[in-house]
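For the sequence shown, the numbering used here assigns the number 4 to the initial residue and increments by one for each residue that follows.
We put the CB at the ideal spot given by N, CA and C, even for glycine.
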Amino acid sequence: MENVTILGAGSWGTALAIVLAENGHNTLLWTHRIEQANEINEQHTNEKYLPNIQLPTKLTATADLQEAVNHSNIIVVAVPTKAIREVCHSMMTFLNDKKLFIHVSKGIEPDILKRISEMLKENLSPDVIEEIVVLSGPSHAEEVVLHHPTTITAACGNLEMAEKVQDLFMNQYFRVYTNEDVVGVEIGGALKNVIALAAGVSDGLNYGDNAKAALITRGLAEITRLGVKMGGNPFTFAGLTGMGDLIATCTSVHSRNWRAGNMLGKGMKLDEVLDNIGMVVEGVRTTKAAYQLSQEYDVPMPLTTALYDVLFNDKEPKEAVDELMIRMKKREIDIL
4 MENVTILGAG SWGTALAIVL AENGHNTLLW THRIEQANEI NEQHTNEKYL PNIQLPTKLT
64 ATADLQEAVN HSNIIVVAVP TKAIREVCHS MMTFLNDKKL FIHVSKGIEP DILKRISEML
124 KENLSPDVIE EIVVLSGPSH AEEVVLHHPT TITAACGNLE MAEKVQDLFM NQYFRVYTNE
184 DVVGVEIGGA LKNVIALAAG VSDGLNYGDN AKAALITRGL AEITRLGVKM GGNPFTFAGL
244 TGMGDLIATC TSVHSRNWRA GNMLGKGMKL DEVLDNIGMV VEGVRTTKAA YQLSQEYDVP
304 MPLTTALYDV LFNDKEPKEA VDELMIRMKK REIDIL
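The structure is reproduced here in structure tokens:
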């Protein structure tokens, strides 16, 4: 049994806390809202994020960050990308010894263009980092809590630490593989949200299966082009955190990114969409970051560029699709 702290009591943080608690680990879930911590401790529910799900009674929560940090030497970071620097800065006040950090968020910081592991390294002292492991893959929280079979990847350049995380989480319904390609896993996990937004737009326009199959396939080509240019292993993008995550996120109503894109395709404006979703839609910020990365690395990403124009330049979705379809002809297979 291990003591484990999870920072972030959204749907995914809570689902992972359930997995850990059911695996016998002493798991503490941190939220910045005291009323949410009280609900988890007293009612054993988290209705806003996982409605109608009963949490294990041995799973506890706190709104005290110092208590959460001191609870264990294993910290799972499950807060949205935009909150990571702030949470790390707050944590540094209480951190005195080395801890294993496992991050499970999927995003890239716009403008600064940092991956999450890079953000953690920049905002935490090397003296308190034993290692950073990325846990990512096709995994809707709504299905994990129902014990539906789920398979993801733990990635770290230190394979021993990846295997430690594998052992923490793996059980009869939650299978974990290991991978040493941190860059590829982070890029695949982040950029699939961009393509999921685009897939939602396509469905909102009622374009059907042909269009979505093309989006997923050509989206994977874009992600792979950029990821390899940034140092990722091309085979990673054919795996769970590439194609696997794309399929799950582009085809499921559980996906906030797909739902947001679907509303955009039906004519809603971005502000309305985000208000309607009521939770963080990581793909919006990541679209801006991906577009900026495509410029920095000189990688053609036409789907990302089209979505960027829809989100930030008020281009009509149908106009963006029409322009994509009449681009100059090209070969399908890229030389990586």
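Close-in-space but distant-in-sequence residues of the same chain around residue i (CB under 6 Å, 5 per side omitted)
i, result
"residue 76", "102"
"residue 7", "23, 28, 30, 75, 77"
"residue 98", "131"
"residue 83", "283"
"residue 219", "249, 253"
"residue 244", "139, 140, 156, 188, 191, 192"
"residue 311", "290, 294"
"residue 222", "198, 306"
"residue 108", "84, 119"
"residue 177", "22, 153"
"residue 26", "174"
"residue 214", "205"
Burial state of residue i, where buried means 16 or more other Cβ atoms lie within 10 Å
i, result
"residue 117", "buried"
"residue 141", "buried"
"residue 4", "exposed"
"residue 241", "exposed"
"residue 279", "exposed"
"residue 39", "buried"
"residue 152", "exposed"
"residue 238", "exposed"
"residue 54", "exposed"
"residue 42", "buried"
"residue 61", "exposed"
"residue 165", "buried"
"residue 328", "exposed"
"residue 49", "buried"
"residue 332", "exposed"
"residue 182", "buried"
"residue 13", "buried"
"residue 299", "exposed"
"residue 114", "exposed"
"residue 89", "exposed"
"residue 125", "exposed"
"residue 281", "exposed"
"residue 11", "buried"
Beta-bridge pairing of residue i - partner residues as DSSP gives them
i, result
"residue 134", "103"
"residue 177", "153"
"residue 182", "158"
"residue 80", "10, 106"
"residue 221", "Its beta-bridge partners do not exist; DSSP assigns none."
"residue 118", "111"
"residue 33", "10, 65"
"residue 53", "49"
"residue 139", "156"
Cut-off 8 Å between Cβ atoms - residues of its own chain near residue i, not counting five sequence neighbours on either side
i, result
"residue 255", "143, 261"
"residue 321", "208"
"residue 319", "313"
"residue 123", "80, 87, 91, 104, 106, 132, 135"
"residue 63", "30, 31, 32, 43, 44"
"residue 273", "267, 287, 314"
"residue 228", "302, 303, 304, 337, 339"
"residue 100", "76, 131"
"residue 146", "153, 257"
"residue 51", "39"
"residue 330", "305"
"residue 2", "Only positions 4 to 339 of the chain appear in the structure, and residue 2 is not among them; the question remains open."
"residue 276", "263, 266, 267, 284"
Integer Cβ distance of residue i from residue j, believed to fall under 8 Å
i, j, result
"residue 264", "residue 204", "4 Å"
"residue 190", "residue 155", "Not confirmed; about 16 Å, so no contact."
"residue 138", "residue 168", "6 Å"
"residue 193", "residue 289", "5 Å"
"residue 111", "residue 323", "Not a contact, Cβ separation roughly 22 Å."
"residue 35", "residue 66", "6 Å"
"residue 235", "residue 184", "6 Å"
"residue 58", "residue 93", "Actually they are not in contact, since the Cβ atoms of residue 58 and residue 93 sit about 25 Å apart, beyond 8 Å."
"residue 309", "residue 326", "7 Å"
Same chain, Cβ closer than 7 Å to residue i, neighbours up to 5 away in sequence not counted
i, result
"residue 252", "195, 196, 199, 258, 260, 261"
"residue 128", "95"
"residue 173", "179"
"residue 148", "18, 21, 53, 56"
"residue 15", "81, 107, 144"
"residue 47", "57, 58, 60"
> Which parts of the region 245-329 are runs of the alpha helix (DSSP H), unbroken and 4 residues or longer, counting only runs that do not cross its ends?
Replying inline: 248-254, 259-268, 273-280, 285-299, 305-315, 320-328
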